[in-house]
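Chains as they are written, first to last, in my numbering: chain Y, 244 to 459; chain Z, 21 to 350; chain L, 68 to 635. For glycine and all other residues, C-beta sits at the position ideal for the given N, C-alpha and C. What follows is a set of notes on a single structure, which appears directly below.
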Amino acid sequence: MERTGALFGHFRDLDQQRETASLGMWVFLMTEVMFFGGLFLAYTVYRWKYHDAFAAASRELDVTMGALNTGVLILSSFTMALAVWASQMRKRNLLCIFLIATMLLGAAFLTVKGFEYAQKFEHHLVPGYNYDFPGPEAEAQHAEIFFALYFLMTGMHAVHMIIGEGMLLILLIYAWKGHFTGDYRAPIENGGLYWHFVDIVWIFLFPLLYLIDLHH
Amino acid sequence: MQSFPLFPERASSVAGGVDDFFILLVIVAVFFSVVVGVAIFYLSFRYRRRPGNEVGQLVPGSELLEITWMVIPFLIAMVLFAWGAKLYVTMRQSPSDALDIYVVGKQWMWKIQHADGRREFNELHVPVNRDVELTMISEDVIHDFYVPAFRVKMDVLPGRYTTLWFRATKTGRYHLFCSQYCGTNHSQMGGWVDVMEPSEYQAWLSGGSNTESPEQTGQRLFTALACISCHGDPSERGAGPRAPSLRGVYGSTVKLNDGQSVTADDGYLRESVLDPGAKIVAGYDNIMPTFQGVVSEDQLLQLLAYIKSIGSQPAQDTPGEAGPAAPAGQ
Amino acid sequence: MSAITANPSPASSPPHRPHENYLNANYGIRSWLFTTDHKRIALLYLFSVTIYFAMGGFFAMLIRLQLLTPEGFLVGPDTYDRLFTMHGVMMIFFFLIPSIPAVLGNFLIPLMIGAKDLAFPKLNLLSWYIFNIGAIFTIYSIVTGGVDTGWTFYTPYSSIYSNSQVSAAVIGIFITGFSSILTGLNFIVTIHTMRAPGMTWWRLPIFVWSHYATSIIFILGTPVLAITLVMVAAERLLHVGVFDPRLGGDPLLFQHLFWFYSHPAVYIMILPAMGVTTEIIATFARKNLYGYKAVAIASLGIAAIGFLVWAHHMFVAGISIYAAMVFSLLSYLVAIPSAVKVFNWTATLYRGSVSWQTPMLYALGFIGLFVMGGMTGLFLASIGADVHVHDTYFVIAHFHYIMVGGAVMGYLGGLHYWWPKITGRMYPEMLSRAAAIVLFVGFNLTFFPQFILGYLGMPRRYATYPPEFQVLNVFSTAGASILGLGYLLPICYFIWSMRYGPIASSNPWPATGLEWQTSSPPPTENFETTPVVTWEPYDFEHRPDLGLPKPERARPAPLEAPGLEAGD
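Shown next, in the form of structure tokens:
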């Protein structure tokens, strides 16, 4: 079907298109909630069952790096919100600057995450690889479950961040060409929704994984 | 013409009840199927398309009718639910003085250990008209212990005990099937349940070679694995030097160091051996080593049998005190 | 504003030169593989699911042959374990779940609501590719040795002990799950935002309501299966032990997570078929659906309650007595909205003008077999009876009555009903009726004996069995051969009809939906001008455009005088 400007041919008008795109992103985010939900459920069950082992395992995580990443990600949500504002204000250059800022902050997050993961390998805390947890056998086994969930949850989150970076890059290219400072800005808004969602997932992950029983 | 059975033999105390309930369900199912079927056939014929009846008429709905045919099935459903639930509760709650038999499932066989010493493989001998409780665990994947003639079934899990009870009411030989897919020889992992007259059962029990009872083996293990060095000798009074006495612990309420209390059942005792740090008895330290990888599921069941056999009064759980005066273990 | 495309008199228009439609608008393989037209994508799906159905059916044939004798003469247990696993995986994930939504739903939903396409046409095409990429991974697992865990992948067998291609298979299913999610997303958004003027929620065909309810399950349930399969694959490939009992992992956690999706999945498989059945019954009784609102709400009710009953698959798995009672109670509740639908379909025949053409045969067969399957579901919901029949052939019979007697009949009925719209051709009526009857007979002969086998105690997934079960197994295999023959017939005459079938008019039955207000086959953009809807659904009495006589004792028209709006 033909496309005239921003309007795709199967829509009646830009209003319908915008409403459709927005609802589509919200529905997609609901599926993401269910997706992460399975991991959160597994985590909840095992944390309840093996609280002490989980606490001991959690103390092995680097709270400083985790907190730093949390700050970085919240800041990136802010720059993303600014990008949406800039697109509404039809300021193309500012829009691109804020998109780039968001991407850089996201990259910073992933870099810190990389360091954290490397640390886990050094400390023999990678399940199924070189796992060797100090402590009694049973506690070590239950802590292995913690680390399995740690890698699954933060790994899945990182995959979503990487996809988000790709999405931001595509948005940046089209933003530079002026697509989002005209009448139709839904892609930036919906991209913002996705980015905020990835941020929110981390806001839950951080305390659940890093902050169990810090002051033991 | 050979007989064409629709039901397996009824050989347990619940089999008749299950079959009766099943017949009720069949009646309900047939009733609704017939009602709907007849209605469809009748209406399709009565209102068939023919000259003069080329188009249907607009028939308005009726909220009352909708509610009626929601409420009536709902009530029927609740009756069926209650009936089935009552049956199920009976099937899940073991009577208190049942004969204990231990079952270990593994790919692809059943290892059965009687309380009185006999061991058997893929075959279970039980006395008729006696409550029997199976305590079961798997060494590897999930299996399932199913005796169609008794209408009972329960999954057998790794890492956790499950129980199944029945009272056989008819002597005979009945199929035992593994009923949870477990790999290559799942369909071969069957056997037989032999229900015998009490006198025959006794004869069978003592007819085996002089194998030890599980309690005896358990007692030997208790010493060989050095449990006795911390817990002390349970046949004497008093706690061990560093660990609570196990005299009469089975079934008692144990106070933990975080203030909670637990019942010392099979699962608690098994966990205490494999993961001692999970629950620490009040007043003691977390110094017991784990025996994970050191004892097999069979050996755990033998230790369990031994501990069950040494009295069943509440244990004194403060360290160092003499235990209560207790009759000799049964 | 504008008029509906004019409708020639039904069923008797002479063959004419084909007008421009979505089939002949473009030629060449690229125009198909890169299409964003929902109608072409529907046909792409039809092609794919037919192949996967044939594969699943082939495995079924081998299973039934094996079970002719107690010792099993055909294959050894290792192979047999792979056969029933792959039969289940192919049929459930690659046929039953996509079939009606991806073929009929994709084709019809925009037409039924008066839109030019779905909300996200490119996502729709991506969905088809993802579907087949997932299938490729799964087929890879088959040809490199197969999977032997059962389609339910219970741990720790699947995550630790099985020596088969589990990882490839779960990755394949994981990927295909995204195809479902995207389709569900597309349907929900389309139904919300793309309805034509005048197409209010309470004027939507029940087919659309059913797909809306199905799509809710798609988007809420499938992601949970996806992450569960990720955990199984991680346990196998990376040895991280989330379900490993040797580490303290809980095999029951897998079962809860798995069934949280897989139970609602069965409603994914049946709701669309119920939607098809509703359309067919209204059309072939030529009257309004009795209790339209009740049926619409019941569809949503089935989806909602369906999320609350998953642990009825686990009554003997080691859950507590109390949990079992709660799930048993809820499982009884989910039967109520289904019962409501059955009663409303039956009541629709009252004062109708009932014709027994092929789609109606399938719809009535659906009702009969669905009632039988559904009632046997009550046996399984009741914990007292379930203990004895869980994991036996009783369960197999129950779900095949619903999946085959229900969902597949619904699918075939829908294919026949909308075949003239999709292809512009009619299939041969007498042969199609014969095929429907062959299928019905073959189906019952295959699966009814299995109820008896199950109650007698024959467990499922058994490559060999005690000799006393043989007679019933032989009956079942005999029925399966008839059933297989029955499936071949439609494939043959549908293909035949595309070249030699009589040309169909735009509204051959006739029926009341918007899809029949455009040509057969439709043009690429569906309608020449955007339709405006002013009539209530399934209102045969007040539709002079259908060319039908007035009913004998007609009721007076409703006060708002519905009818077509005149043209400009």
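Per DSSP, the bridge partner or partners of residue i
i	result
M7(Z)	Residue 7(Z) falls outside the range modelled here, since chain Z spans only 21 to 350, and no answer is possible.
S32(Z)	A188(Z)
C198(Z)	F165(Z)
F251(Y)	R246(Y)
N73(Z)	R70(Z)
D612(L)	None, per the DSSP bridge assignment.
V46(Z)	DSSP output for V46(Z) lists no bridge partner at all.
Inter-residue spacing [alpha-carbon to alpha-carbon] between residue i and residue j
i	j	result
A349(L)	E74(Z)	14 Å
Y207(L)	K617(L)	59 Å
S499(L)	M129(Z)	51 Å
M158(L)	P450(Y)	42 Å
H259(Y)	K292(Y)	The sequence as given places Gln at residue 259(Y); His does not occur at that position. About 49 Å.
I248(Z)	V269(Z)	15 Å
G252(Z)	Y288(Z)	19 Å
F125(L)	F542(L)	19 Å
Y221(L)	T182(Z)	18 Å
Q236(Z)	Y326(Z)	7 Å
M308(Y)	F241(L)	32 Å
L457(Y)	D375(Y)	22 Å
G371(Y)	Y228(L)	16 Å
V233(L)	I372(L)	32 Å
W103(Z)	V148(Z)	27 Å
T344(L)	A363(L)	13 Å
G271(Z)	K328(Z)	8 Å
L411(Y)	M346(Y)	7 Å
A182(L)	E245(Y)	15 Å
I96(L)	G239(L)	26 Å
L397(L)	S572(L)	47 Å
I330(Z)	G238(Z)	11 Å
G368(L)	P575(L)	34 Å
V214(L)	H154(L)	10 Å
H145(Z)	F389(Y)	44 Å
W445(Y)	L282(Y)	13 Å
F447(Y)	Y399(L)	37 Å
Integer Cβ distance of residue i from residue j, believed to fall under 8 Å
i	j	result
P28(Z)	P168(Z)	4 Å
A186(L)	T274(Y)	Between T274(Y) and A186(L) the Cβ distance is about 15 Å, and since that is not below 8 Å, they are no contact.
E346(L)	Q424(L)	14 Å between Cβ atoms; not a contact.
T579(L)	F607(L)	6 Å
S158(Z)	K131(Z)	About 11 Å separates the two Cβ atoms, so there is no contact after all.
V152(Z)	R187(Z)	7 Å
The ligand SAH heavy atom lying under 8 Å from the CB of residue i
i	result
A244(Z)	Of ligands this structure carries none, so the ligand SAH is not represented either.
Legend entry - Interfacial residues, the stretch 269 to 296 of chain Z to chain Y, with Cβ spacing under 8 Å: If the cut-off is 8 Å between Cβ atoms, the stretch 269 to 296 of chain Z has L294, D295 and P296 near chain Y.
Legend entry - Selection of the stretch 591 to 610 of chain L by Cβ proximity to chain Z, strictly under 7 Å: Those residues of the stretch 591 to 610 of chain L that come within reach of chain Z (Cβ to Cβ, closer than 7 Å) are D606, F607 and E608.
Legend entry - Sufficient close CB pairs (3 or more, under 8 Å) joining the stretch 449 to 463 of chain L to the stretch 311 to 323 of chain L: No: the two stretches stay apart, fewer than three of their Cβ pairs being nearer than 8 Å.
Inset, instruction - Check whether the stretch 428 to 448 of chain L touches the stretch 458 to 467 of chain L, counting contact only when three or more Cβ pairs, one atom from each stretch, lie closer than 8 Å. - result: Verdict: yes, contact present.
Legend entry - Validate contact between the stretch 117 to 137 of chain L and the stretch 524 to 534 of chain L using beta carbons, cut 8 Å, 3 pairs: yes
Inset, instruction - Count the C-beta pairs between the stretch 388 to 403 of chain Y and the stretch 323 to 341 of chain Y that are closer than 8 Å, then say yes if the count reaches three, no if not. - result: no
Legend entry - Residues in the stretch 373 to 385 of chain Y having any Cβ partner in chain Z nearer than 7 Å: P379, E380, A381 and E382
Legend entry - Interface positions of the stretch 120 to 136 of chain Z facing chain Y (Cβ-Cβ less than 9 Å), listed along the chain: none
Inset, instruction - Give the residues from the stretch 210 to 228 of chain L that approach chain Z closer than 7 Å (Cβ to any Cβ), ordered along the chain. - result: Answer in chain order: G217, Y221, P223, Y224 and Y228.
Inset, instruction - Pair every Cβ in the stretch 177 to 194 of chain L with every Cβ in the stretch 98 to 106 of chain L, then say whether three or more of these pairs are closer than 8 Å. - result: yes
Inset, instruction - Can you give me, in chain order, the residues of the stretch 379 to 397 of chain L that have a beta carbon less than 7 Å from any beta carbon in chain Z? - result: V383, A384, G385, I388, A391, M392, S395 and L396
Legend entry - contact_flag[the stretch 314 to 321 of chain Z, the stretch 200 to 209 of chain Z] where n(CB pairs < 8 Å) is 3 or more: no
Legend entry - Sufficient close CB pairs (3 or more, under 8 Å) joining the stretch 391 to 400 of chain L to the stretch 28 to 46 of chain Z: Inter-segment contact for the stretch 391 to 400 of chain L and the stretch 28 to 46 of chain Z is absent: fewer than three beta-carbon pairs are separated by less than 8 Å.
Legend entry - Validate contact between the stretch 111 to 125 of chain L and the stretch 198 to 215 of chain L using beta carbons, cut 8 Å, 3 pairs: yes
Inset, instruction - Below 8 Å between beta carbons is the criterion; list the residues of the stretch 160 to 193 of chain Z that meet it against any residue of chain L, in chain order. - result: D160, V161, I162, D164, Y166, P168, A169, R171, V172, K173, M174, D175, L177, P178, G179, R180 and T182
Legend entry - the stretch 353 to 362 of chain Y touching the stretch 300 to 317 of chain Y, judged by at least three CB pairs closer than 8 Å: Taking 8 Å as the limit for Cβ pairs, the verdict is that the stretch 300 to 317 of chain Y does touch the stretch 353 to 362 of chain Y.
Inset, instruction - Give the residues from the stretch 450 to 482 of chain L that approach chain Z closer than 9 Å (Cβ to any Cβ), ordered along the chain. - result: I450, G451, A452, D453, V454, H455, V456, H457, D458 and T459
Inset, instruction - For the stretch 471 to 486 of chain L and the stretch 158 to 168 of chain L, state whether three or more C-beta atom pairs, one from each stretch, are separated by less than 8 Å. - result: yes
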